[in-house]
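> Chains as they are written, first to last, in this note's numbering: chain D, 1 to 251; chain R, 1001 to 1465.
For each residue, glycine too, the CB sits at the ideal point set by N, CA and C.
Keep in mind that this is a model prediction, so the values were computed, not measured.
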Amino acid sequence: MTTPANPVVARVDGLGKAFGTGGNTVTALDAVTLGIRRGQFTAIMGPSGSGKSTLMHIMAGLDSPTSGRVWLGDTEITRLSDTDLTLLRRRRVGFVFQAFNLVPTLDIAGNIVLPFELDGRRPSADEQAWIDGLIDSLGLRERLRHRPHQLSGGQQQRVAIARALAPRPDLVFADEPTGNLDSRTGREVLALLATAARGYGQSIAMVTHDPVAASYADRILFLADGRLVEDRTRSSAEEISSFMLAMERAA
Amino acid sequence: MSRLSVRDHLPSVLVATISSAFGVALLGVTGVIGTAAEEDDATGSSGTVGLMLQIVAAVFIVIAMYVAAIVTANTFATIIAGRTRTIALLRLLGSSASAQRRAVAREGLLVGLAGAALGLLLGAGATFLLTRIGIALGALPDLAYPLVDASAGLPVAAVVLTTWLASWVGSRRVLTVTPLQALGSAQERSAADAARPARTVTGLVLVIVGLALVGFGVLVGLVTPFGVFLGLIGGVLSFTGLVAGSTWLMPPALRLVGRLFGQGAAARLAAENALRYPERSSRTAIGLVIGITLITMFGVGIATFERIMREAMAAEPRLYEGTQQMLTATVVVLSVLLGFSALIAAIGMVNNLSLSVLQRTRELGLLRALGFTGAQIRRMILVESAQLTLAALLVGVALGAFYGWAGAQSLFGAFDGSPGVVLPGVPWTLLGVLAIASGALTWIASLAPSRRATRVSPVAALAVD
């Protein structure tokens, strides 16, 4: 991978998000400023209600902030129209969700190339070679003609990862990707994400509340009550857990 | 019934109301015409006119109610699919499957009662209005016509019963819901509808025997007009077979039409969506097919008759004067009467499309998150809608043309001066009207669902319930 000019693939500046109106306003994010580094596997951690999911939705162009600005690469996405945001998601962002990742009416091959189909084109020879490589390394070759419901949860999640990586997006967002999996399958999925970052230089931002999941990341950002409270490099699950507990006690 | 289920059932109430109003009004109007005919000495035939009219009316009412029953059964099946989680939860808490199904059937009975009562009022009102208009125009003598005939009780009772029965048939799937489905956020299954071989075989036998009879009727028709009775029996048998076997007739037609819309992502997904629940789509489409087939049948039948007549007229000009206007009027009246069945089927289609969009909120959210634009979503739903109407139009016109031609051929093939076997006549105006109506239906049916679908936020796909 070449070294890019801008070491930050996505950033937010003074980001605020409030839900509800009048007396019922809930502040989900409060003046958050942070950047996701290119080619790294970043975990965004925090307890339920810390604002980590909202942060991800806004960074991915799925939701709009109340205040502050958001960039993906050099593009400021804060003021983009719905259609522009849609095109941005299609071409420059990948997603892996906790559940319901795949379109049930399409087979596995159809799900993986869906981002290209949405653009009304077929993958180029170069892209096809990349996709074939992904299919083989994720062990999906035998499953291409199957429908999502015929696959186990772990296999479905691998398909989602293949789809997210296929267009080589600027940034892949993963929202609790192991939340619905047993722990062994969950570890496999995390190892795949870590490999994608280290092996292919894919930037990944993963939202999780699981210390074991976060221990696979190169960098861990901690959110609490809508604020960024800690920014760490790679840590063990024990260190992450004890920091989380300390945070709980302080609250 | 909770407020939610009242909203669920509005389309079914509408369907029951229309079929009940149609029945009451049609019997009412024929009753009025019968009374007028009895008073009119010139006709001389007194009671027979009224009776004949009522028999004809009954045929059209039965057709409308049959279509209404299919639509209602389908609507209930779709509602049940959307309620799976709730039913599973109740099963988990100890409710039995049959108790759940009885509860659904009770809702069906209430829907039937509400629709039938509303329809009685509307139908009686329509009869009164039409009678006053007839008197004002001088077409009817000014007599004291009864507002509601005792015979109006029949369609009203029939609507209650068929709606109740349809809700029972449509709730069959309640029995397959397991308590476990209340737990876990399992991937939505594209449920493979259970194949029902017995019904397929019955359908196939009916189609083969029926078609053989129709063909035989055409041959007999070359000698005597009584060939039409063979054709009539064959037609009823084979068409019943096709409706019973709609699950193997319609999916190939839907698939074929789906290919016409190209290979774009929106079109491909739409094609798959239309076939996700083959039984449901087949029943949605078959309601339209019934209406279109019957309308086309009369149109083509009469156009073919005209063709035979043109040839016959050249041979025996005096015999066939003045029939032209009567024939055109007949086509218009029959098409309007059958139009009510088509209207009921159209409501079923609009409702089916709306419910199916409502039931895949998360999938739509996923597509939005992955980069489907609002315009692509709208196109996908428009194509889904077009696929249903176009497939129904193609199948209906093909079947109607065949039946209409066979009917005319077996009834009139032996006429004086008839040329024997002719090609089917093509009622271009009628086909044009059908095509325009189908286009309008496609567009109207997609309006509400696509508005709802484009409003789905992509965040909906990420939420875990």
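1) Nearest by alpha-carbon distance to R234 (chain D): which of D:R227, D:G73, D:S215 is it?
2) So A1097 (chain R) and V1174 (chain R) are in contact, right, with Cβ under 8 Å, and what is the actual spacing, rounded?
3) CB G61 (chain D) to CB L80 (chain D), shorter than 9 Å?
4) Return the residues of the stretch 111-131 of chain D that lie within a Cβ-Cβ distance of less than 7 Å from chain R, sorted by chain order.
5) Within 10 angstroms of its Cβ, does L1260 (chain R) collect 16 or more other Cβ (buried), or is it exposed?
6) Comparing the C-beta of H57 (chain D) with each C-beta of chain R, is any distance below 9 Å?
7) 9 Å is my cut-off, CB to CB: does L1089 (chain R) come that close to chain D?
8) Spatial neighbours of A1191 (chain R) within its chain, please: CB distance less than 7 Å, with the 5 preceding and 5 following residues excluded, ordered by chain position.
9) How would you label Q157 (chain D), buried or exposed, when you count the other beta carbons within 10 angstroms and need 16 or more for buried?
10) Taking 9 Å as the threshold (beta carbon to beta carbon), is A60 (chain D) in contact with chain R?
11) Can you give me, in chain order, the residues of the stretch 1347-1375 of chain R that have a beta carbon less than 9 Å from any beta carbon in chain D?
12) With 16 as the cutoff for other CB atoms within 10 Å, does G1112 (chain R) come out buried or exposed?
13) Indicate the three-state DSSP secondary structure (helix, strand or coil) for T1293 (chain R) in the structure shown.
14) Can you list, in chain order, the residues of its chain with a C-beta nearer than 6 Å to that of L1370 (chain R)? Leave out the 5 residues immediately preceding and following it.
15) Count Cβ pairs between the stretch 1018-1029 of chain R and the stretch 1061-1069 of chain R that sit closer than 8 Å; are there 3 or more?
16) Which runs of the alpha helix (DSSP H) spanning at least 4 residues fall entirely within the stretch 6-85 of chain D, listed in chain order?
17) Return the residue from the list R:S1238, R:Q1181, R:L1232, R:V1169 that minimises the CA-CA distance to G1203 (chain R).
18) Would V103 (chain D) count as contacting chain A if we go by Cβ distances under 9 Å?
19) Measuring straight from C-alpha to C-alpha, what distance separates L1355 (chain R) and M1349 (chain R)?
20) Using the Cβ count rule (16 or more neighbours within 10 Å means buried), how would you classify L102 (chain D)?
21) For R234 (chain D), name the three-state secondary structure that DSSP assigns.
22) Would R1268 (chain R) pass as an interface residue toward chain D - the criterion being a Cβ-Cβ separation below 9 Å?
23) Do you know offhand how far A237 (chain D)'s Cα is from R184 (chain D)'s?
24) Are the Cβ atoms of F1076 (chain R) and S1171 (chain R) separated by less than 9 Å?
25) Helix or strand or just coil, what does DSSP make of D218 (chain D)?
26) Assess, as a yes-or-no matter, whether the stretch 1284-1296 of chain R is touched by the stretch 1246-1259 of chain R under the definition of 3 or more beta carbon pairs within less than 8 Å.
27) In this structure, does DSSP put R227 (chain D) in helix, strand or coil?
28) Quick check on the DSSP output: what are the complete beta strand (DSSP E) runs of length 3 or more inside the stretch 1194-1247 of chain R, in order along the chain?
29) Using a Cβ-Cβ cut-off of 8 Å (strictly less than) and excluding sequence neighbours within five positions of R1378 (chain R), which residues of its own chain qualify?
30) Roughly how many angstroms separate the alpha carbons of R90 (chain D) and D218 (chain D), rounded to a whole number?
31) Give me the chain D residues within the contact set of E1272 (chain R), using Cβ-Cβ distance strictly less than 8 Å, ordered along the chain.
32) Give a yes or no on whether the minimum CB-CB distance between A1077 (chain R) and chain D is below 9 Å.
33) Taking 9 Å as the threshold (beta carbon to beta carbon), is A1265 (chain R) in contact with chain D?
34) Tell me, to the nearest whole angstrom, how far the beta carbon of A1274 (chain R) is from that of E1363 (chain R); I am working on the premise that it is less than 8 Å.
35) Quick one: complete alpha helix (DSSP H) runs, 4+ long, within the stretch 1110-1136 of chain R?
36) Would you mind sorting L1441 (chain R) into buried or exposed? The rule is 16 or more other CB atoms within 10 Å of its CB.
The answer reads as follows:
1) Here the question's residue 234 (chain D) lines up with position 234 in the first sequence. Per the Cα distances, D:S215.
2) Taking the second sequence and counting its residues from 1, one reaches residue 1097 (chain R) at position 97. Taking the second sequence and counting its residues from 1, one reaches residue 1174 (chain R) at position 174. Beta-carbon to beta-carbon, A1097 (chain R) and V1174 (chain R) are separated by about 6 Å, close enough to satisfy the 8 Å threshold.
3) Here residue 61 (chain D) refers to the residue found at position 61 when the first sequence is read from its first residue. Here residue 80 (chain D) refers to the residue found at position 80 when the first sequence is read from its first residue. Result yes, Cβ atoms of G61 (chain D) and L80 (chain D) sit closer than 9 Å.
4) The residues in question are L114, P115, E117, L118, G120.
5) Locating residue 1260 (chain R) in the second sequence gives position 260, counting from the first residue. With fewer than 16 other Cβ atoms within 10 Å, it is exposed.
6) Position 57 of the first sequence, counted from the first residue, corresponds to residue 57 (chain D). Using beta-carbon distances, H57 (chain D) counts as an interface residue toward chain R, with a partner under 9 Å.
7) Position 89 of the second sequence, counted from the first residue, corresponds to residue 1089 (chain R). So, not an interface residue.
8) If you number the second sequence from 1, residue 1191 (chain R) lands on position 191. Any answer about A1191 (chain R) is weak, because its pLDDT of 47 lies below 50 and its placement is not dependable; what the coordinates show is given next. Taken in chain order, the residues that qualify are Y1277.
9) Locating residue 157 (chain D) in the first sequence gives position 157, counting from the first residue. Classification for Q157 (chain D): buried.
10) Here residue 60 (chain D) corresponds to residue number 60 of the first sequence, with the count starting at 1. Yes, A60 (chain D) counts as interfacial toward chain R.
11) Along the stretch 1347-1375 of chain R, going in chain order, the ones with a CB nearer than 9 Å to a CB of chain D are R1360, R1362, E1363, G1365, L1366, L1367, R1368, A1369, L1370, G1371, F1372, T1373, G1374, A1375.
12) For this step, residue 1112 (chain R) is matched to residue 112 along the second sequence. Under a 10 Å Cβ-count criterion, G1112 (chain R) is classified as buried, with 16 or more other Cβ atoms of the shown protein chains found around its own Cβ.
13) Counting from one through the second sequence, the residue named residue 1293 (chain R) turns up at place 293. Residue state, collapsed to three classes: helix.
14) Against the second sequence, residue 1370 (chain R) aligns to sequence position 370. The same chain holds no residue with a CB closer than 6 Å to that of L1370 (chain R) once the five nearest residues on each side in sequence are set aside.
15) With a cut-off of 8 Å on Cβ pairs, the stretch 1018-1029 of chain R is in contact with the stretch 1061-1069 of chain R, counting three or more such pairs.
16) Runs of the alpha helix (DSSP H) lying entirely within the stretch 6-85 of chain D, each at least 4 residues long, are 52-59 in chain order.
17) By one-based count along the second sequence, residue 1203 (chain R) stands at place 203. Closest option to G1203 (chain R), judged by alpha-carbon separation, among R:S1238, R:Q1181, R:L1232, R:V1169: R:S1238.
18) Of the chains in the structure shown, none is chain A; the protein chains are D and R.
19) Mapped onto the second sequence, residue 1355 (chain R) falls at position 355. Mapped onto the second sequence, residue 1349 (chain R) falls at position 349. The straight-line gap from Cα to Cα measures roughly 10 Å.
20) Indexing the first sequence from 1 puts residue 102 (chain D) at position 102. L102 (chain D) should be labelled buried.
21) Within the first sequence, numbered from 1, the residue matching residue 234 (chain D) stands at position 234. Look at R234 (chain D) here: in three-state DSSP terms it is coil, with no helix or strand label.
22) Taking the first residue of the second sequence as position 1, residue 1268 (chain R) is located at position 268. Cβ-Cβ to chain D under 9 Å: yes for R1268 (chain R).
23) Here the question's residue 237 (chain D) lines up with position 237 in the first sequence. Here the question's residue 184 (chain D) lines up with position 184 in the first sequence. When the Cα atoms are used, A237 (chain D) and R184 (chain D) turn out to be separated by approximately 15 Å.
24) The count along the second sequence starts at 1 and reaches residue 1076 (chain R) at position 76. The count along the second sequence starts at 1 and reaches residue 1171 (chain R) at position 171. Taking 9 Å as the Cβ cut-off, F1076 (chain R) and S1171 (chain R) qualify as a contacting pair.
25) For the purposes of this step, residue 218 (chain D) is taken as residue 218 along the first sequence, with counting starting at 1. Note: D218 (chain D) maps to coil in three-state DSSP.
26) Result yes; three or more Cβ-Cβ pairs closer than 8 Å.
27) For the purposes of this step, residue 227 (chain D) is taken as residue 227 along the first sequence, with counting starting at 1. Look at R227 (chain D) here: in three-state DSSP terms it is strand.
28) Uninterrupted beta strand (DSSP E) stretches at least 3 residues long and entirely within the stretch 1194-1247 of chain R do not occur.
29) As a first step, residue 1378 (chain R) is located in the second sequence; it is residue number 378 there, counting from the start. Close CB contacts of R1378 (chain R) within its chain, under the 8 Å cut and outside five residues either way in sequence, are with S1446, S1450, A1453, T1454 (chain order).
30) Translated into positions along the first sequence, residue 90 (chain D) becomes position 90. Translated into positions along the first sequence, residue 218 (chain D) becomes position 218. C-alpha separation (whole angstroms): 26 Å.
31) Taking the first residue of the second sequence as 1, we reach residue 1272 (chain R) at position 272. Those within 8 Å of E1272 (chain R) in chain D are T105, L106.
32) As a position in the second sequence, residue 1077 (chain R) is number 77, starting the count at 1. Contact of A1077 (chain R) with chain D is not assigned, every C-beta pair being separated by 9 Å or more.
33) In the second sequence, residue 1265 (chain R) corresponds to position 265, counting from 1. It does; some Cβ of chain D falls within 9 Å.
34) Taking the second sequence and counting its residues from 1, the one referred to as residue 1274 (chain R) is at position 274. Taking the second sequence and counting its residues from 1, the one referred to as residue 1363 (chain R) is at position 363. Contact between A1274 (chain R) and E1363 (chain R) is absent: CB atoms are separated by about 14 Å, not below the 8 Å threshold.
35) The qualifying runs do not exist here; there are none.
36) Reading the second sequence from its first residue, position 441 is the one you call residue 1441 (chain R). Buried, since its Cβ has 16 or more Cβ neighbours within 10 Å.
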